[in-house]
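S.K.:
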Amino acid sequence: QKVFRVIPQNDEQVEIINSLASNMQVDFWQPDSVTLVSPKMQVDFRVEADKSFEVEDLLKESGVEYRVLIDNLQAALDAQFDSKARTTGHSYEKYNNWETIAAWTADIAAQNPDLVSRIVIGETYEGRPMYLLKMGKRGANKKAIFMDCGFHAREWISPAFCQWFVKEAVETYGKDTVMTTLLNSLDFYVLPVVNIDGYIYTWTKAKLSLSFDLCSTVLFQDRMWRKTRSKNAGSRCIGTDPNRNFNAGWCTLGASKNCCDSTYCGSAPESEKETKALADFIREHLPTIKAYLTIHSYSQLLLFPYSYTYKLPSNHEELNSIAHAASKRLASLYNTEYTYGPGATTIYPAAGGSDDWAYDQGIKYSFTFELRDTGRYGFVLPESQIKPTCEETLLAVKYIANYVLEHLY
Numbered sequence: 001q002k003v004f005r006v007i008p009q010n011d012e013q014v015e016i017i018n019s020l021a022s023n024m025q026v027d028f029w030q031p032d033s034v035t036l037v038s039p040k041m042q043v044d045f046r047v048e049a050d051k052s053f054e055v056e057d058l059l060k061e062s063g064v065e066y067r068v069l070i071d072n073l074q075a076a077l078d079a080q081f082d083s084k085a086r087t088t089g090h091s092y093e094k095y096n097n098w099e100t101i102a103a104w105t106a107d108i109a110a111q112n113p114d115l116v117s118r119i120v121i122g123e124t125y126e127g128r129p130m131y132l133l134k135m136g137k138r139g140a141n142k143k144a145i146f147m148d149c150g151f152h153a154r155e156w157i158s159p160a161f162c163q164w165f166v167k168e169a170v171e172t173y174g175k176d177t178v179m180t181t182l183l184n185s186l187d188f189y190v191l192p193v194v195n196i197d198g199y200i201y202t203w204t205k206a207k208l209s210l211s212f213d214l215c216s217t218v219l220f221q222d223r224m225w226r227k228t229r230s231k232n233a234g235s236r237c238i239g240t241d242p243n244r245n246f247n248a249g250w251c252t253l254g255a256s257k258n259c260c261d262s263t264y265c266g267s268a269p270e271s272e273k274e275t276k277a278l279a280d281f282i283r284e285h286l287p288t289i290k291a292y293l294t295i296h297s298y299s300q301l302l303l304f305p306y307s308y309t310y311k312l313p314s315n316h317e318e319l320n321s322i323a324h325a326a327s328k329r330l331a332s333l334y335n336t337e338y339t340y341g342p343g344a345t346t347i348y349p350a351a352g353g354s355d356d357w358a359y360d361q362g363i364k365y366s367f368t369f370e371l372r373d374t375g376r377y378g379f380v381l382p383e384s385q386i387k388p389t390c391e392e393t394l395l396a397v398k399y400i401a402n403y404v405l406e407h408l409y
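Here UniProt numbering is used: position 105 in the sequence shown is 105, and no number is missing along the way.
(1) Output the boundary residues of the beta strand (DSSP E) element that contains residue 296.
(2) Which first and last residues belong to the alpha helix (DSSP H) in which residue 162 is found?
(3) If you reduce the DSSP assignment to three classes, tell me which class residue 208 lands in.
(4) Distance check for residue 310 and residue 351, CA to CA, integer angstroms please.
(5) By DSSP, does residue 17 sit in helix, in strand, or in coil?
(6) Note down, one range per segment and in chain order, each alpha helix (DSSP H) of at least 4 residues found wholly within the stretch 323-354.
(7) Indicate whether the contact test is met: 3 or more Cβ pairs, each with one atom in the stretch 297-313 and one in the stretch 340-355, closer than 8 Å.
(8) So with Cβ pairs under 8 Å, would you call residue 18 a contact of chain C?
(9) If you draw a straight line from the alpha carbon of residue 174 to that of residue 405, how long is it in whole angstroms?
(10) Run the CB neighbour count on residue 204, radius 10 Å, all protein chains shown included, and call it buried at 16 or more, exposed below.
(11) Any idea what DSSP makes of residue 404, helix, strand or coil?
(12) So, using beta-carbon positions, are residue 153 and residue 95 closer together than 8 Å?
(13) In the DSSP assignment, find the beta strand (DSSP E) that holds residue 230 and state where it starts and stops.
(14) Specify whether the stretch 99-111 and the stretch 324-333 touch according to this definition: at least 3 beta carbon pairs, one from each stretch, less than 8 Å apart.
(15) What distance in whole Å lies between the Cβ atoms of residue 223 and residue 20, which are believed to be in contact at a cut-off of 8 Å?
(16) From the DSSP output, read off the bridge partner residues of residue 129.
(17) Let me know if residue 84 comes out buried or exposed under the rule of 16 or more other beta-carbons within 10 Å of its beta-carbon.
(18) With a CB to CB cut of under 6 Å and the five nearest residues on each side skipped, what residues in its chain are close to residue 433?
(19) With three or more C-beta pairs closer than 8 Å as the rule, is the stretch 253-262 touching the stretch 350-367?
(20) Please list, in chain order, all residues of the same chain as residue 291 whose beta carbon is under 6 Å from its beta carbon, the five residues on each side excluded.
(21) By the three-class DSSP mapping on this structure, what secondary structure does residue 151 have?
(22) Verify whether the separation of the beta carbon atoms of residue 228 and residue 131 is less than 8 Å.
(23) DSSP on residue 78, reduced to helix/strand/coil?
(24) DSSP on residue 46, reduced to helix/strand/coil?
(25) Going by C-alpha to C-alpha distance, which of 128, 48 and 383 sits closest to residue 80?
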């Protein structure tokens with residue numbers, strides 16, 4: 001399997017990509033869906049091995065500028081596990097499966113009872129408990145920041161960051177002045193994996209298949225899964241895109257009403273048990289939650305509302321300057337460049353996202369991170385990049401948290 005990058009120059013070339021997608025299985029990595037492709041946009045997509053020659057011929061023939069980002073996806077998949085930390089248990093510099101993360105949530109709370117407690121906020125479609133970590137020194141009427149990871153199953157670097165953040169908090173409390181002040185003055189609600197069923201699915205090797213060839217394609221499908229794992233009435237297609245499932249311009253643009261699509265918005269807002277549990281928790285704690293951070297990959301972006309409309313939020317200037325300063329902090333470590341701005345204009349319009357929803361609930365500091373990289377590895381970022389990615393992202397998150405603390409409302 002190959003991952004291609006094309007940059008269509010005009011509507012005619014956009015049409016070529018559209019026809020390509022309608023004639024064969026194309027998995028769009030960026031943007032999320034073929035409907036969002038527009039001229040001059042960088043488009044990354046994956047096709048089956050047996051179709052890649054056909055695709056190259058078509059692109060050459062129609063004069064569409066392209067390059068092969070990942071020539072052999074299986075090799076890249078094998079190469080993601082390049083961490084030196086070969087422990088069998090939990091490691092902050094490895095991708096951990098759900099079983100390991102779930103056990104870790106219990107351990108980290110048990111080992112740091114004065115800083116961390118674990119709450120169950122609901123259960124997934126397949127019946128798994130959704131664990132949330134509440135972090136901070138005990139105190140009366142503290143304000144809070146909510147952060148989640150693992151909305152989209154294949155974005156493995158995302159849950160790795162939530163775990164890293166928790167580690168940094170417990171290890172540097174009492175040593176690092178900023179972290180100490182943050183935990184003394186605020187609570188952090190950290191949801192390490194939103195889409196647990198989907199995440200587990202991306203770790204699951206195909207059990208059985210008819211032939212060896214088929215087996216390899218099934219294995220791929222699994223690692224590249226994005227949506228939840230809920231059943232859709234009257235269809236064989238599984239899952240809803242949890243980040244199109246919130247009541248913020250729900251299913252109006254940049255989302256699909258077709259349940260077979262990767263950006264399917266669901267049968268109704270909060271139709272997914274996972275999104276409803278998250279929304280219920282935030283609604284319940286609305287008076288205290290002053291910032292919402294959601295961690296995705298990939299693209300190196302720091303986005304703020306809106307994505308479901310081109311109109312700017314009332315505190316646009318403030319959000320823009322926070323994002324500017326946070327991006328600068330992030331770049332200070334390894335020179336990783338982030339682009340920042342409102343979702344709709346910075347990348348593309350997309351309705352039903354959790355960040356827009358949180359903002360419309362009155363949480364005026366709402367940000368989406370799209371972590372490393374810019375497409376060299378895309379969703380299959382090697383484990384050797386977990387540490388640098390998390391270290392630099394931590395700087396931006398601490399900056400935003402500190403800003404929120406100094407501008408409580």
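Just so it is clear, CB atoms sit at the ideal spot from N, CA and C, and this is done for glycine as well.
M.R.: Judging by the given coordinates:
(1) 289-297
(2) 157-172
(3) Its pLDDT being 43, under 50, residue 208 is placed unreliably by the model, and the measurement read from it follows with that caveat. Looking at residue 208 - three-state DSSP - the assignment turns out to be coil, as it is neither helix nor strand.
(4) 11 Å
(5) helix
(6) 343-346
(7) yes
(8) Protein chains in the displayed structure number just one, and chain C is not present.
(9) 18 Å
(10) exposed
(11) helix
(12) no
(13) Segment: none, residue 230 is in no beta strand (DSSP E) and carries neither H nor E.
(14) no
(15) Going by Cβ atoms, the distance from residue 20 to residue 223 rounds to 22 Å, so no, they are not a contact pair.
(16) 123
(17) exposed
(18) With the chain running from 1 to 409 in the structure shown, residue 433 is simply not present.
(19) yes
(20) 145, 365 and 404
(21) coil
(22) no
(23) helix
(24) strand
(25) 383
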